[in-house]
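A.B. asks:
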Amino acid sequence: MRKADLVNQISEKTGIPKVDVLVTLESMFKEIKESLSKGENIYIRGFGSFITKKRAAKIGRNIKKNIAVHIPEHYIPAFKPAKEFVAEVKKTTAE
């Protein structure tokens, strides 16, 4: 499913115009990105958590030049689904 499909489906189910649904989704994505970039995690009960994970510094290798490259520690975004969400997906895919 793409974002356009999601907008269409939400619009059909709620009766809200597609433009309004799109603006709302874009605002939600923007807020999630901004919160995670500030180091704030987002917890949505029954759905999951948007969190940042810390990656430790390490030594990598540039294979073409055969030299060691230092990769500094950094943070990456991650999603951790809630137990209810995982259970629902397991139930539906088992059928």
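Numbered according to this note's numbering, the sequence shown spans residues 17 to 111. All residues carry an ideal CB built from backbone N, CA and C; glycine is no exception. All of these numbers come straight from a predicted model, not from anything done at the bench.
#1: Could you tell me whether the segment 62-76 touches the segment 28-45, using the rule of 3 or more Cβ pairs below 8 Å?
#2: Note down, in chain order, each residue of its chain lying with its Cβ closer than 8 Å to the Cβ of residue 57, except the 5 sequence neighbours on either side.
#3: If we count the other Cβ atoms within 10 Å of its Cβ and call it buried at 16 or more, is residue 23 buried or exposed?
#4: Can you give the beta carbon distance from residue 70 to residue 89, rounded, assuming they're within the 8 Å contact cut?
#5: Tell me which residue opens and which closes the beta strand (DSSP E) that residue 78 is part of.
#6: Can you list the alpha helix (DSSP H) stretches of 4 or more residues lying completely in the segment 20-81, in chain order?
C.D. replies: This is what the structure gives:
#1: Here the segment 62-76 does not lie against the segment 28-45, with fewer than 3 beta-carbon pairs under 8 Å apart.
#2: The residue given as residue 57 occupies position 41 in the sequence shown. Taken in chain order, the residues that qualify are 51, 65, 66, 67 and 68.
#3: Here the question's residue 23 lines up with position 7 in the sequence shown. With 16 or more neighbouring CB atoms inside 10 Å of its own CB, residue 23 falls in the buried class.
#4: Here residue 70 refers to the residue found at position 54 of the sequence shown. Here residue 89 refers to the residue found at position 73 of the sequence shown. At roughly 6 Å, the Cβ-Cβ gap stays under 8 Å, so residue 70 and residue 89 are in contact.
#5: Locating residue 78 in the sequence shown gives position 62, counting from the first residue. Looking at the DSSP string, the run of the beta strand (DSSP E) that includes residue 78 is 74-78.
#6: 34-53
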